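Per my numbering, residue 446 is the first one in the sequence shown, and the count goes up by one each step.
Let me begin by presenting the structure, written as C-alpha coordinates, before commenting on it.
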Amino acid sequence: MTKTDVIKLLSENRNERGMVNWEKSPIIRGFTSYGIGLTQLKKLAKQVGKNHELAMELWHETNYDAKILAILIDEAKQVTREQVDRQVAELTPWSLTHVYCSTLLPKVGFLVPLAEDWMTNSDSLKRSCGFQLLYQIAKNDKKLPDDYFLPYIERIERELQTEENFVKDGMNSALLMIGQRSKPLYERSVAAARAIGKVTVDYGDNSCQAMDVLAHLTGDRIRNKFSA
(Lines of atoms letter the chains of each structure in order from A and count residues from 1; the text may use other names and numbers.)
(Lines give C-alpha, C1' and ligand atoms only; values in the text may rest on other atoms or scores of the structure.)
Protein backbone atom coordinates (compact mmCIF):
# COMPACT_ATOMS: atom_id res chain seq x y z
CA MET A 1 0.00 0.00 0.00
CA THR A 2 1.02 3.60 -0.56
CA LYS A 3 0.35 6.53 1.73
CA THR A 4 -2.48 7.58 -0.58
CA ASP A 5 -4.01 4.10 -0.31
CA VAL A 6 -3.87 4.24 3.48
CA ILE A 7 -5.48 7.67 3.71
CA LYS A 8 -8.24 6.42 1.41
CA LEU A 9 -8.69 3.35 3.63
CA LEU A 10 -8.99 5.54 6.71
CA SER A 11 -11.50 7.80 5.00
CA GLU A 12 -13.61 4.80 3.99
CA ASN A 13 -13.66 3.65 7.63
CA ARG A 14 -14.52 7.00 9.15
CA ASN A 15 -16.69 7.06 12.27
CA GLU A 16 -19.05 10.02 12.26
CA ARG A 17 -19.69 9.93 16.01
CA GLY A 18 -15.96 9.80 16.66
CA MET A 19 -15.42 12.77 14.37
CA VAL A 20 -18.02 14.79 16.26
CA ASN A 21 -16.35 13.96 19.58
CA TRP A 22 -12.98 14.89 18.11
CA GLU A 23 -14.23 18.31 17.06
CA LYS A 24 -15.47 18.95 20.61
CA SER A 25 -12.09 18.22 22.18
CA PRO A 26 -10.17 21.35 23.24
CA ILE A 27 -6.79 19.58 23.54
CA ILE A 28 -6.24 18.20 20.05
CA ARG A 29 -5.97 21.33 17.92
CA GLY A 30 -4.03 21.18 14.67
CA PHE A 31 -4.96 17.58 13.86
CA THR A 32 -7.76 16.11 11.82
CA SER A 33 -9.33 12.74 12.53
CA TYR A 34 -11.67 10.24 10.94
CA GLY A 35 -12.86 9.37 14.44
CA ILE A 36 -11.73 5.76 14.22
CA GLY A 37 -11.32 3.88 17.51
CA LEU A 38 -8.11 2.11 18.44
CA THR A 39 -9.63 -1.37 18.10
CA GLN A 40 -10.66 -0.66 14.52
CA LEU A 41 -7.30 0.98 13.75
CA LYS A 42 -5.54 -2.18 14.91
CA LYS A 43 -7.65 -4.19 12.46
CA LEU A 44 -6.78 -1.76 9.66
CA ALA A 45 -3.10 -2.00 10.61
CA LYS A 46 -3.22 -5.76 10.05
CA GLN A 47 -4.79 -5.11 6.67
CA VAL A 48 -2.03 -2.68 5.73
CA GLY A 49 0.76 -4.89 7.10
CA LYS A 50 4.12 -4.04 8.66
CA ASN A 51 6.02 -1.45 6.63
CA HIS A 52 8.73 0.75 8.13
CA GLU A 53 9.02 3.12 5.18
CA LEU A 54 5.27 3.65 4.99
CA ALA A 55 5.16 4.20 8.75
CA MET A 56 7.71 7.00 8.37
CA GLU A 57 5.56 8.66 5.72
CA LEU A 58 2.37 8.39 7.75
CA TRP A 59 4.09 9.74 10.86
CA HIS A 60 4.39 13.16 9.25
CA GLU A 61 0.65 13.40 8.56
CA THR A 62 -1.46 15.81 10.61
CA ASN A 63 -4.23 13.23 10.73
CA TYR A 64 -4.43 11.54 14.12
CA ASP A 65 -5.57 8.18 12.76
CA ALA A 66 -2.70 8.12 10.27
CA LYS A 67 -0.22 8.77 13.07
CA ILE A 68 -1.66 5.93 15.15
CA LEU A 69 -1.48 3.66 12.12
CA ALA A 70 2.16 4.69 11.63
CA ILE A 71 2.93 3.44 15.13
CA LEU A 72 1.02 0.20 14.62
CA ILE A 73 2.61 -0.78 11.29
CA ASP A 74 6.20 0.18 12.07
CA GLU A 75 8.73 -2.65 12.22
CA ALA A 76 10.44 -2.72 15.61
CA LYS A 77 13.60 -4.32 14.23
CA GLN A 78 14.15 -1.30 11.99
CA VAL A 79 13.42 1.29 14.66
CA THR A 80 16.53 3.13 15.87
CA ARG A 81 17.27 5.06 19.04
CA GLU A 82 17.63 8.18 16.91
CA GLN A 83 14.11 7.65 15.55
CA VAL A 84 12.43 7.26 18.94
CA ASP A 85 14.29 10.22 20.45
CA ARG A 86 13.00 12.31 17.56
CA GLN A 87 9.47 10.95 17.63
CA VAL A 88 8.95 11.23 21.37
CA ALA A 89 9.28 15.00 21.03
CA GLU A 90 6.48 14.88 18.44
CA LEU A 91 3.97 12.91 20.52
CA THR A 92 1.25 15.50 20.22
CA PRO A 93 -1.50 15.10 21.24
CA TRP A 94 -0.46 13.39 24.48
CA SER A 95 -2.84 10.50 23.83
CA LEU A 96 -0.38 9.23 21.22
CA THR A 97 2.07 8.33 23.98
CA HIS A 98 -0.02 5.45 25.30
CA VAL A 99 -0.14 3.74 21.90
CA TYR A 100 3.52 4.50 21.22
CA CYS A 101 4.69 3.13 24.56
CA SER A 102 2.40 0.10 24.67
CA THR A 103 2.63 -1.22 21.10
CA LEU A 104 5.83 -0.23 19.30
CA LEU A 105 8.47 0.54 21.93
CA PRO A 106 8.08 -2.67 23.99
CA LYS A 107 9.31 -4.57 20.92
CA VAL A 108 12.53 -2.62 20.28
CA GLY A 109 15.82 -4.23 21.21
CA PHE A 110 16.93 -1.33 23.40
CA LEU A 111 13.83 -1.10 25.60
CA VAL A 112 15.52 -1.29 29.02
CA PRO A 113 18.26 1.32 28.43
CA LEU A 114 15.69 3.54 26.71
CA ALA A 115 13.37 3.41 29.71
CA GLU A 116 16.23 4.04 32.11
CA ASP A 117 17.41 7.07 30.14
CA TRP A 118 13.98 8.58 29.76
CA MET A 119 12.98 8.13 33.40
CA THR A 120 15.85 10.41 34.41
CA ASN A 121 15.38 12.94 31.60
CA SER A 122 14.68 16.59 32.40
CA ASP A 123 11.80 16.58 29.90
CA SER A 124 8.54 15.55 31.58
CA LEU A 125 7.16 13.88 28.45
CA LYS A 126 10.18 11.60 28.26
CA ARG A 127 9.90 10.83 31.98
CA SER A 128 6.25 9.95 31.52
CA CYS A 129 7.11 7.66 28.61
CA GLY A 130 9.99 6.18 30.60
CA PHE A 131 7.67 5.07 33.38
CA GLN A 132 5.16 3.76 30.87
CA LEU A 133 8.01 1.64 29.51
CA LEU A 134 8.89 0.52 33.04
CA TYR A 135 5.31 -0.78 33.21
CA GLN A 136 5.96 -2.80 30.04
CA ILE A 137 9.26 -4.11 31.40
CA ALA A 138 7.62 -5.16 34.66
CA LYS A 139 4.86 -6.87 32.71
CA ASN A 140 6.92 -8.72 30.13
CA ASP A 141 10.54 -9.18 31.24
CA LYS A 142 10.38 -12.20 33.53
CA LYS A 143 14.16 -12.50 33.87
CA LEU A 144 14.83 -9.29 35.78
CA PRO A 145 15.32 -9.79 39.55
CA ASP A 146 13.30 -8.04 42.23
CA ASP A 147 16.33 -5.93 43.10
CA TYR A 148 16.05 -4.21 39.74
CA PHE A 149 12.62 -2.81 40.59
CA LEU A 150 13.05 -1.90 44.27
CA PRO A 151 14.81 1.44 43.60
CA TYR A 152 11.99 2.42 41.25
CA ILE A 153 9.37 1.69 43.91
CA GLU A 154 11.33 3.90 46.30
CA ARG A 155 11.58 6.68 43.74
CA ILE A 156 7.89 6.49 42.89
CA GLU A 157 6.96 6.62 46.58
CA ARG A 158 9.27 9.59 47.12
CA GLU A 159 8.54 11.66 44.01
CA LEU A 160 5.12 10.84 42.56
CA GLN A 161 3.10 13.50 44.35
CA THR A 162 5.49 16.28 43.30
CA GLU A 163 5.96 15.13 39.71
CA GLU A 164 4.50 16.68 36.55
CA ASN A 165 0.94 15.73 35.65
CA PHE A 166 1.40 12.86 33.20
CA VAL A 167 4.57 11.60 34.88
CA LYS A 168 2.30 10.82 37.83
CA ASP A 169 0.18 8.70 35.51
CA GLY A 170 3.20 6.75 34.26
CA MET A 171 4.55 6.21 37.77
CA ASN A 172 1.16 5.09 39.03
CA SER A 173 0.83 2.46 36.30
CA ALA A 174 4.39 1.24 36.77
CA LEU A 175 3.86 0.77 40.51
CA LEU A 176 0.76 -1.33 39.89
CA MET A 177 2.54 -3.66 37.47
CA ILE A 178 5.70 -3.98 39.58
CA GLY A 179 3.53 -4.99 42.51
CA GLN A 180 2.25 -8.00 40.58
CA ARG A 181 5.63 -9.59 39.89
CA SER A 182 6.42 -11.29 43.21
CA LYS A 183 5.38 -11.38 46.85
CA PRO A 184 8.26 -9.14 48.06
CA LEU A 185 7.54 -6.58 45.33
CA TYR A 186 3.84 -6.85 46.08
CA GLU A 187 4.34 -6.07 49.76
CA ARG A 188 6.71 -3.18 49.01
CA SER A 189 4.37 -1.75 46.36
CA VAL A 190 1.38 -1.89 48.70
CA ALA A 191 3.38 -0.02 51.34
CA ALA A 192 4.40 2.57 48.75
CA ALA A 193 0.83 3.01 47.53
CA ARG A 194 -0.35 3.56 51.12
CA ALA A 195 2.36 6.17 51.67
CA ILE A 196 1.58 7.95 48.40
CA GLY A 197 -2.14 8.26 49.08
CA LYS A 198 -4.68 9.53 46.57
CA VAL A 199 -3.23 10.39 43.17
CA THR A 200 -4.79 13.14 41.06
CA VAL A 201 -4.04 13.47 37.35
CA ASP A 202 -5.65 16.04 35.05
CA TYR A 203 -6.69 14.18 31.89
CA GLY A 204 -8.30 17.22 30.32
CA ASP A 205 -11.91 17.53 29.25
CA ASN A 206 -13.10 14.03 30.16
CA SER A 207 -14.15 12.02 33.19
CA CYS A 208 -10.98 9.93 33.48
CA GLN A 209 -9.47 9.60 36.94
CA ALA A 210 -6.11 8.34 38.11
CA MET A 211 -6.05 4.65 38.91
CA ASP A 212 -6.35 3.69 42.58
CA VAL A 213 -3.26 1.48 42.77
CA LEU A 214 -3.79 0.52 46.41
CA ALA A 215 -7.35 -0.63 45.73
CA HIS A 216 -6.19 -2.71 42.77
CA LEU A 217 -3.27 -4.29 44.63
CA THR A 218 -5.34 -5.15 47.69
CA GLY A 219 -8.31 -6.42 45.69
CA ASP A 220 -9.06 -10.14 45.80
CA ARG A 221 -7.51 -11.06 42.46
CA ILE A 222 -4.01 -9.73 43.13
CA ARG A 223 -4.00 -10.19 46.92
CA ASN A 224 -4.95 -13.86 46.65
CA LYS A 225 -2.11 -14.43 44.21
CA PHE A 226 0.38 -13.72 47.00
CA SER A 227 -1.60 -14.86 50.06
CA ALA A 228 0.05 -18.28 50.33
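By construction, the Cβ of each residue, glycine as well, lies at the ideal position given by its N, Cα and C atoms.
These numbers come from a predicted model, not from an experiment.
Where the alpha helix (DSSP H) through residue i begins and ends
i: residue 641; result: 628-641
i: residue 504; result: 497-504
i: residue 599; result: 591-604
i: residue 658; result: 658-662
i: residue 494; result: Segment: none, residue 494 is in no alpha helix (DSSP H) and carries neither H nor E.
i: residue 462; result: 461-469
i: residue 448; result: 448-457
i: residue 550; result: It is not in any alpha helix (DSSP H) - residue 550 carries neither H nor E in the DSSP assignment.
Whole-Å CB distance - residue i paired with residue j, under 8 Å assumed
i: residue 610; j: residue 647; result: 5 Å
i: residue 520; j: residue 497; result: 4 Å
i: residue 464; j: residue 480; result: 4 Å
i: residue 614; j: residue 547; result: About 13 Å separates the two Cβ atoms, so there is no contact after all.
i: residue 658; j: residue 621; result: 5 Å
i: residue 660; j: residue 602; result: 17 Å between Cβ atoms; not a contact.
i: residue 593; j: residue 619; result: 12 Å between Cβ atoms; not a contact.
i: residue 617; j: residue 644; result: 5 Å
Helix, strand or coil at residue i [DSSP, three-state]
i: residue 566; result: coil
i: residue 477; result: strand
i: residue 669; result: helix
i: residue 508; result: strand
i: residue 535; result: coil
i: residue 613; result: helix
i: residue 652; result: coil
i: residue 608; result: coil
i: residue 581; result: helix
i: residue 573; result: helix
i: residue 645; result: coil
i: residue 540; result: coil
Near the ligand PLP: residue i beta-carbon under 7 Å from a heavy atom
i: residue 543; result: No copy of the ligand PLP appears in this structure; indeed no ligand is present at all.
Review point. Are at least three pairs of beta-carbons, each pair with one atom in the region 511-525 and one in the region 481-492, less than 8 Å apart?
Key: They touch, by the three-pair rule.
Check your understanding: Any chance the region 547-567 sits against the region 577-585, with 3 or more Cβ pairs inside 8 Å?
Key -> Yes, the region 547-567 is in contact with the region 577-585.
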